[in-house]
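Same order as they appear, the protein sequences are chains A and B. Residues 30 to 201 (our numbering) are what the first sequence spells out, left to right. Residues 8 to 594 (our numbering) are what the second sequence spells out, left to right. Encoded as structure tokens, the structure appears first; notes follow it.
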Amino acid sequence: MTGKHQPHTHRHTIAVLVDNEPGVLARVIGLFSGRGYNIESLTVAEVAARDNLSRITVVTSGTAQIIEQIKAQLSRLVPVHKVVDLTNEGPAVERELALVKVAGIGEKRVESLRIAGIFRAHTVDSTNESFVFEIVGRSDKIDAFINLMEPLGLVDVSRTGVVAIARGTQPL
Amino acid sequence: MSHDHDLNGAEILLKALADQGVEVVFGYPGGAVLPIYDEIFKQNRLRHILVRHEQAAVHAAEGYARATGKVGAVLVTSGPGSTNAVTGLLDAMLDSTPMVCMTGQVPTSLIGNDAFQEADTTGITRPCSKHNYLVKDVNDLARVIHEAFYVAKSGRPGPVVVDLPKDVVTAKGRYIGPDKVRHKTYKPKVKGDIAAIEAAVDLMAQAKKPILYLGGGVINSGLEAVALATKLVKMTGFPFTQTLMGLGAVPASSPQYLGMVGMHGTFEANLAMHDCDVMVCIGARFDDRVTGKTSTFSPKSKKIHIDIDPSSINKNVVVDIPVVGDVGHVLEDMIRVWKAKQLHVDEKALKSWWREIDGWRAKDCLRYTKSKKVIKPQYAIERLYELTRDKDPIIATEVGQHQMWAAQFSKFDQPRHWLSSGGLGTMGFGLPAAMGAQVAFPEKLVIDIAGESSIQMNIQEMATLAQERLPVKIFIMNNQYLGMVRQWQELLHGGRYAESHMDVHPDFVKLAEAYGAKGRRVDKPADLDAAIMEMIETPGAFILDVRTDASENVFPMIPPGAAHNEMLLGPEDEAEKPSSEDGMVLV
């Protein structure tokens with residue numbers, strides 16, 4: 030049971046295990062858009078081919094009452110096996126991958142490579158005037174990296190969105 | 008049986024419907040479903056009711072489902088067939104009516120090609136069905152149909168759509184029976200958490216000003232749940248109110264009944280909801296038409312909420328003790344725990360609570376000014392109720408003022424006798440819903456209480472009544488206005504009646520005759536009884552065109568954006584214009 034009305038919004042990472050069938054992603058997205066909930070990030074991929082299961086990780090924000098609604102609404106979708114609020118259920122590891130393209134020459138080019146080293150980003154493509162860096166980490170680390178690249182010739186970013194898993198021995 | 012491998016999709020479909028106990032399907036043929044209609048032609052078991060518009064097929068299936076407690080079945084063609092069904096599907100969704108709607112689809116090879124009469128039916132119906140399926144392999148067909156019926160009736164009931172491409176219903180495949188089908192994921196919890204139930208009954212025993220607030224979930228849960236709800240009412244002696252969808256869950260003739268709750272509920276029901284200290288919500292969902300302004304809704308109460316749908320909990324109103332489970336199962340446990348704990352109500356407090364309620368009752372909030380010149384709409388419903396009550400009629404309604412008067416002035420002592428569009432508020436619901444109920448109960452008196460505008464939204468079903476010899480009685484409360492629209496314009500828009508008056512209406516008596524039915528017009532209070540008796544006694548379908556006072560409004564009323572204790576009781580309150588700017592933006 031949640032408390033009384035709370036005006037504060039919180040960011041929650043929710044893992045949803047679903048049957049990998051046509052339309053299931055549309056159901057989840059339609060639920061968020063139809064009911065006016067936020068999606069900050071959403072990832073989906075098959076995780077158990079034999080059982081035909083996909084895992085959706087959705088990062089959303091809302092008041093405690095809204096977050097509770099989102100979980101209840103997700104749970105009642107027919108092809109949904111399980112809904113776990115990783116933010117509420119205890120420690121979880123969150124990661125995101127980004128590909129970051131930086132174009133430039135001279136001092137800026139050297140500086141971008143130096144910062145990439147600090148962030149342990151890999152260089153996955155290089156021309157005389159550009160790099161593509163691959164960086165993995167929490168979303169805030171990626172945000173920080175992108176911010177630093179901005180004045181150094183940032184031209185393009187592609188992010189996967191958050192994937193997350195609970196710490197410890199238990200499955201979802 | 009090897010023989011089972013030789014069935015085509017249409018044969019599999021009909022076999023699956025037979026195994027699901029489906030006796031009637033409401034439908035309309037078209038290109039994509041011709042192979043299914045061919046199979047229907049070849050057999051005599053399944054009855055097909057040919058409607059005149061697909062929307063009516065869905066409402067008829069809703070009427071059938073609500074009157075019987077069974078799952079309604081619908082069959083329509085692709086494209087416009089399925090899009091016409093959409094309003095009915097959403098209606099069934101919001102009122103939790105179990106239904107399986109089978110839609111034709113273009114052959115799988117053409118899907119996505121903008122083929123003739125192609126629509127993305129699963130895409131369109133996703134937000135207005137409980138679940139939907141596109142069957143791409145004939146060998147999945149039997150399983151999908153069995154799953155569809157299971158999903159439609161389990162948990163919180165609702166409509167399930169099964170989209171059937173034409174090549175799938177003509178291909179040969181394998182049939183499997185319902186006993187072979189187990190749903191992988193969908194297993195709603197029916198038993199309530201026992202700790203929550205214990206906390207709930209403890210709270211009820213301590214209550215000084217309790218109220219039971221019953222909704223359509225009680226009726227949906229089944230006849231046992233209905234009996235248990237009545238038992239709970241008697242056991243506790245608590246006052247109770249019912250929502251529009253819950254009318255008939257517990258007999259209205261009970262002295263503990265306060266009348267309907269909500270925007271047009273009674274003074275005593277709404278004030279008891281507002282002032283109570285313990286509210287027990289059973290199978291209802293704190294809809295905005297019930298709560299009024301939520302920030303001032305029942306501010307002093309602890310709330311218990313019994314609902315099978317976890318997403319109903321804390322959606323509109325935050326509650327103190329949620330119990331997720333089927334009403335029947337939960338009430339059974341509540342009564343058992345109450346007895347085991349040897350709990351008793353606080354008789355002294357309850358007595359003084361009843362004294363307070365009796366004071367509100369003395370307002371006689373449903374009173375209206377009688378007239379010898381014009382037929383007051385309230386009087387029309389009162390007379391209809393008095394003259395038909397011994398026949399125990401099933402009442403369907405359209406949507407608007409007549410619907411609210413019907414809800415206020417008819418008294419239901421049994422469930423499944425009241426068919427009304429609550430959540431979606433669909434004009435045009437009543438006639439097809441009455442038709443569906445009449446199909447289920449051919450001998451019963453079934454009346455559609457209608458407005459002159461609503462009735463025209465599905466008037467074409469008069470032809471279905473004639474073809475199927477369904478003696479539905481249509482009681483039109485004719486005030487020449489979109490009455491509820493006019494009432495809101497009067498209250499909130501300075502009496503500027505934009506487009507709410509209709510200068511032209513058909514001659515309903517001639518219209519009845521054109522469809523092979525009988526009709527009569529009545530405009531004098533003195534003739535009303537005789538006209539109603541003629542309607543009842545005339546065999547076959549009948550339209551009674553009752554000319555009512557055009558200026559009458561529905562009271563009591565909680566204006567939009569107001570609280571339960573800010574009701575308007577009559578035209579004299581209306582003059583104070585209590586409605587705020589906030590109210591104007593609400594629906």
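Built from N, CA and C at the ideal position, the CB exists for glycine as well.
Inter-residue distance for T110 (chain B) and A149 (chain B) is about 15 Å (C-alpha atoms, whole angstroms). With respect to P439 (chain B), E468 (chain B) sits close: the two C-beta atoms are nearer than 7 Å.
Any Cβ of chain A closer than 7 Å to the Cβ of Y193 (chain B) would place that residue at the interface, and such an atom is present. Rounded to the nearest whole angstrom, the CA to CA distance from Q112 (chain B) to T75 (chain B) is 30 Å. For D48 (chain A), the residues of chain B that pass the 8 Å Cβ criterion are K191 and T192, in the order they occur in the chain. In the three-state reduction of the DSSP assignment, H351 (chain B) falls in the coil class. For secondary structure counted as the beta strand (DSSP E) over 3 or more consecutive residues, the region 118-176 of chain A holds these complete runs in sequence order: 121-132, 151-156 and 159-166. The Cβ of S318 (chain B) sits closer than 7 Å to at least one Cβ of chain A.
If the five residues before and after F245 (chain B) are omitted, its C-beta is found closer than 6 Å to the C-beta atoms of P217 and L219, all from its own chain and listed in chain order. Closer than 7 Å to the CB of G59 (chain A) there is at least one CB belonging to chain B. According to DSSP, T72 (chain A) shares a beta bridge with A:T86. For H424 (chain B), there is no enclosing beta strand (DSSP E), as DSSP gives it neither H nor E. C372 (chain B) sits in coil when the DSSP states are folded into three classes, being neither helix nor strand. Annotation: L518 (chain B) to A387 (chain B) spans about 22 Å, alpha carbon to alpha carbon. Taking L103 (chain A) as the centre and dropping the five residues before and after it, the same chain places the C-beta of I43, V45, V57, L60, V109 and V112 closer than 8 Å to its C-beta, in chain order. Along the length of the region 376-409 of chain B, whole alpha helix (DSSP H) runs at least 4 residues long occupy 384-395, reported in chain order. Nearest in C-alpha terms to G52 (chain A), of all of B:I131, B:S461, B:A212 and B:V381, is B:I131. Contact of Q199 (chain A) with chain B is not assigned, every C-beta pair being separated by 7 Å or more. L235 (chain B) and S428 (chain B) have their alpha carbons spaced roughly 25 Å apart. When DSSP reads this structure, G526 (chain B) sits in a beta bridge with B:I550.
Your pair N146 (chain B) and G180 (chain B) checks out as a contact, with CB atoms roughly 5 Å apart and the cut at 8 Å. Boundaries of the beta strand (DSSP E) around F247 (chain B): F247 to Q249. Short of 8 Å from the beta carbon of P422 (chain B), and not among the five residues preceding or following it, lie these beta carbons of its own chain, in chain order: V225, I226, L230, V233, G255 and A256. At a cut-off of 7 Å between beta-carbon atoms, P164 (chain B) makes no contact with chain A.
Nearest C-alpha to A369 (chain B) among B:E459, B:A537 and B:E275: B:E275. Annotation for V406 (chain B): S428, G432, T433, M434, F436 and S461 place their beta carbon closer than 7 Å to its own, counting only its chain and skipping 5 residues before and after. For K100 (chain A), the enclosing alpha helix (DSSP H) covers residues A93 to S104.
Contact between A155 (chain B) and V83 (chain B) fails: their C-beta atoms lie close to 15 Å from each other, not under 8 Å.
Cβ atoms of T189 (chain A) and E125 (chain A) come within 8 Å of each other, at about 6 Å. When DSSP states are grouped into helix, strand and coil, S187 (chain A) belongs to the strand group. Ranked by Cα distance from Q494 (chain B), the first of B:P105, B:C288, B:R52 and B:P567 is B:P567. The DSSP-derived three-state label of D48 (chain A) is strand. Between L82 (chain A) and D48 (chain A) a beta carbon distance of about 7 Å is seen, short of the 8 Å cut, so the two are scored as contacting. When DSSP reads this structure, K111 (chain A) sits in a beta bridge with A:L46. Residue pairing by DSSP places T555 (chain B) opposite B:I382 in a beta bridge.
Residue-level contact check: K322 (chain B) touches chain A, since one or more beta carbons of chain A fall below 7 Å from its beta carbon.
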